[in-house]
Amino acid sequence: MRAARQTGQSMVGFLVASMFILIPAFIGLSFLAKTGDMKFRADEASRYSAWEKTVWDGGEGHAKGDLELGWEVRNRVFGRAEGLVDSRHDKTRQENQGLDAMAYTTYAERRGREVMLADLAESNSGVQVNTSHLAYGGVLARLNNRAADVLKLRDDGYQKASVEVALTKPSAEYLPVESFTLKTRYVLLDDAWSAAAPDIATENIRRTVPTSLLDNDVIRTMQSIVGFVFDDLDPRNFELGKVDVSVAPCQRLAPYERGNTDAPDAC
4 MRAARQTGQS MVGFLVASMF ILIPAFIGLS FLAKTGDMKF RADEASRYSA
54 WEKTVWDGGE GHAKGDLELG WEVRNRVFGR AEGLVDSRHD KTRQENQGLD
104 AMAYTTYAER RGREVMLADL AESNSGVQVN TSHLAYGGVL ARLNNRAADV
154 LKLRDDGYQK ASVEVALTKP SAEYLPVESF TLKTRYVLLD DAWSAAAPDI
204 ATENIRRTVP TSLLDNDVIR TMQSIVGFVF DDLDPRNFEL GKVDVSVAPC
254 QRLAPYERGN TDAPDAC
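In the working numbering, the protein residues as written are 4 to 270.
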C-alpha cells in the first residue's frame, strides 16, 4: 500500500512539474527559437539593404528608397525560400508572397496563428530600414577618387544600413516578458562600385571584360559566314563578349514537383 501511495505521489508531482515548469519551458524555447531566427534575418536584412544602396546613384531615379527596401526585405529575407523573386513588385507589394514558417507563432497575445512582425500591415512592411552615407578620408579617399576617375564610377565611401523589426508580444500565460525589438546595423565600404543607371553599369563592366572588344558588327558578320558550316559559332548561338548584368533566377529554391525537373527560367 505504501509503495502504491508513493507511486501516486510521484505521478502527481510529475504532472504538477509538467504543468507549471516543463510545458511553459517548452513553449518559451519555441518562441525564443523563432525570435533567434528573426534576429538572423534582421542581420541579413541590414546587409542586403547596404548592398542594394551601392548599386545605383540616387540622383537618376534608379536607386531604391528606404520604404522600398523595407518591402523588398520583407518579401525576400522574411519570405519563403521558394518564393518568386520579382524585382518590380517585391519593393512595393505585401501580398507578393507569404512569410517563412518561422515568422508565425501560436503563442502571441492574440489567439491563433499570428505573424511575428508586430507592425506588419497592408501599408507597413513591418521592417524599418534606414540607410545613409558615411564619409572617409586620407590615402584611401585619394586612391578611390583616382579609381573612380579612370573607370567613371561613383565614390561615396561607406554605406550604412540600419534595420529595426518589432516582434509581437508573447502571451503572458506562456512567456511573461515584454515584446522584443530587433535592431541591426551593417556598414559597407562600397569602393565606388556603383553606377548611375543600368546602361552605365553595363558599360562599366564591359571595360573590365577584354572579350567585349569582340562584340561588334564586324565580328558578328564573320561569325555569320562561318556559322553556315559550324552552327555553334553562329552569333545567335555564340555571343562573343556579351555582358548582361540583369540576369537573375526567378526562384532561389524551386519546390520539388514530381515529374517536373525543369530549372526555373531567368527573369
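By construction, the Cβ of each residue, glycine as well, lies at the ideal position given by its N, Cα and C atoms. In this text, all values refer to a predicted model and were calculated from it rather than measured experimentally.
| field | Supposed contact pair Thr108 and Phe29 - C-beta distance, whole angstroms, cut 8 Å | value | As a working mapping, residue 29 is identified with position 26 in the sequence shown. As a working mapping, residue 108 is identified with position 105 in the sequence shown. No, Phe29 and Thr108 are not in contact; Cβ-Cβ is about 14 Å, not under 8 Å.
| message | For Leu120, which residues in the same chain have their Cβ closer than 6 Å to its Cβ, ignoring the five residues on either side in sequence? | response | Here the question's residue 120 lines up with position 117 in the sequence shown. So the list reads Gly129, once near-sequence residues are dropped.
| request: Give the straight-line distance between the Cα atoms of Thr171 and Met41, rounded to the nearest whole angstrom. | output: On the sequence shown, residue 171 is found 168 positions in, with the first residue counted as 1. On the sequence shown, residue 41 is found 38 positions in, with the first residue counted as 1. Answer to the nearest angstrom: the Cα atoms are 11 Å apart.
| field | As assigned by DSSP and simplified to three states, the class of Lys186 | value | Translated into positions along the sequence shown, residue 186 becomes position 183. Three-state DSSP puts Lys186 in a strand.
| said: Using 8 Å for Cβ pairs, my map puts Ser273 next to Ala204. What's the rounded Cβ distance? | reply: It is not possible to answer for residue 273, since the shown part of the chain is limited to 4 through 270.
| task | Return the CA-CA distance between Val229 and Val88, expressed in angstroms with no decimal places. | result | Here the question's residue 229 lines up with position 226 in the sequence shown. Here the question's residue 88 lines up with position 85 in the sequence shown. Straight-line Cα distance between these residues: approximately 39 Å.
| Exposed or buried, Lys56, counting other C-beta atoms within 10 Å across all chains shown (16 or more means buried)? | Translated into positions along the sequence shown, residue 56 becomes position 53. By the 10 Å Cβ count, Lys56 comes out buried.
| message | Spatial neighbours of Ile222 within its chain, please: C-beta separation below 7 Å, excluding the five flanking residues on both sides. | response | For the purposes of this step, residue 222 is taken as the residue at position 219 of the sequence shown. Excluding positions up to five away in sequence, the list reads Leu243.
| query | With a Cβ-Cβ cutoff of 8 Å, do Ser174 and Ala111 count as a contact? | reply | Sequence index remark: in the sequence shown, residue 174 carries index 171 (1-based). Sequence index remark: in the sequence shown, residue 111 carries index 108 (1-based). Against a cut-off of 8 Å, the Cβ pair of Ala111 and Ser174 comes out as a contact.
| field | Opening and closing residue of the beta strand (DSSP E) in which Val221 lies | value | The residue given as residue 221 occupies position 218 in the sequence shown. Premise fails: Val221 lies in the alpha helix (DSSP H), 220 to 230, not in any beta strand (DSSP E).
| Endpoints, alpha helix (DSSP H) assigned at Glu85 | Position 82 of the sequence shown, counted from the first residue, corresponds to residue 85. First-last for Glu85: undefined, no H or E at that position.
| Between Gly86 and Val132, what straight-line distance do the alpha-carbon atoms span, to the nearest angstrom? | By one-based count along the sequence shown, residue 86 stands at place 83. By one-based count along the sequence shown, residue 132 stands at place 129. Gly86 and Val132: Cα-Cα distance of roughly 22 Å.
| request: Rounded to whole angstroms, what's the CA-CA distance from Leu178 to Leu70? Just pull it up for me. | output: Residue mapping note: residue 178 aligns to position 175 of the sequence shown, counting from 1. Residue mapping note: residue 70 aligns to position 67 of the sequence shown, counting from 1. For Leu178 and Leu70, the distance between alpha carbons rounds to 32 Å.
| Helix, strand or coil at Tyr317 [DSSP, three-state] | What the structure shows of the chain is the stretch from 4 to 270, and residue 317 is not part of that stretch, so it cannot be assessed.
| Beta-carbon spacing of Gly82, Leu102 below 8 Å | Within the sequence shown, residue 82 is the residue found at index 79, counting from 1. Within the sequence shown, residue 102 is the residue found at index 99, counting from 1. It is a contact, given that the beta carbons lie within the stated cut-off.
| task | Let me know the secondary structure DSSP gives Thr301 once reduced to three states. | result | The first residue shown for the chain is 4 and the last is 270, placing residue 301 beyond what the model contains.
| From what residue to what residue does the beta strand (DSSP E) around Asn133 run? | As a working mapping, residue 133 is identified with position 130 in the sequence shown. Segment 131 to 137, the beta strand (DSSP E) holding Asn133.
| field | For Asn78, the first and last residue of its enclosing alpha helix (DSSP H) | value | Taking the first residue of the sequence shown as 1, we reach residue 78 at position 75. 69 to 79 is the span of the alpha helix (DSSP H), which, as asked, contains Asn78.
| Is DSSP giving Ala124 helix, strand or coil here? | Within the sequence shown, residue 124 is the residue found at index 121, counting from 1. Here Ala124 sits in strand by DSSP.
| message | Suppose you measure from the CA of Arg210 to the CA of Leu217; what does that come to, to the nearest Å? | response | Taking the first residue of the sequence shown as position 1, residue 210 is located at position 207. Taking the first residue of the sequence shown as position 1, residue 217 is located at position 214. Arg210 and Leu217: Cα-Cα distance of roughly 12 Å.
| So which of Ser227, Gly39, Val168, Trp54 has the shortest CA-CA distance to Gln162? | Within the sequence shown, the letter at position 159 stands for residue 162. Checked all of Ser227, Gly39, Val168, Trp54; the closest Cα to Gln162 is Trp54.
| So what's Glu117 in DSSP terms, helix, strand or just coil? | Here residue 117 corresponds to residue number 114 of the sequence shown, with the count starting at 1. Residue state, collapsed to three classes: strand.
| request: Pick helix, strand or coil for Ala104, following the three-state DSSP scheme. | output: Along the sequence shown, read from residue 1 onward, the residue named residue 104 stands at position 101. Three-state result, Ala104: helix.
| message | In whole angstroms, give me the CA-to-CA distance for Asn78 and Asp237. | response | On the sequence shown, position 75 is the one that residue 78 refers to. On the sequence shown, position 234 is the one that residue 237 refers to. Approximately 41 Å between the Cα atoms of the pair.
| task | Assuming Ala45 contacts Leu185 (C-beta within less than 8 Å), just tell me the rounded distance between them. | result | Position 42 of the sequence shown, counted from the start, is the residue given in the question as residue 45. Position 182 of the sequence shown, counted from the start, is the residue given in the question as residue 185. Going by Cβ atoms, the distance from Ala45 to Leu185 rounds to 4 Å, so yes, they are a contact pair.
| query | Whose C-beta lies closer than 6 Å to the C-beta of Ala169 among residues of the same chain, with five residues either side of it excluded? | reply | Position 166 of the sequence shown, counted from the first residue, corresponds to residue 169. Taken in chain order, the residues that qualify are Ala121, Asp122, Thr184.
| With DSSP run on the structure shown, which of helix, strand or coil describes Ala204? | On the sequence shown, position 201 is the one that residue 204 refers to. Looking at Ala204 - three-state DSSP - the assignment turns out to be helix.
| message | For Val58 and Leu137, which I take to be in contact (beta-carbon distance under 8 Å), what is that distance rounded to the nearest angstrom? | response | Working through the sequence shown from its first residue, we reach residue 58 at position 55. Working through the sequence shown from its first residue, we reach residue 137 at position 134. Actually they do not touch by this definition, with Cβ atoms about 17 Å apart.
| message | Measuring alpha carbon to alpha carbon, tell me which residue in Asn207, Lys37, Ala48 is nearest Thr187. | response | Locating residue 187 in the sequence shown gives position 184, counting from the first residue. Comparing Cα-Cα distances from Thr187 to each of Asn207, Lys37, Ala48, the minimum goes to Ala48.
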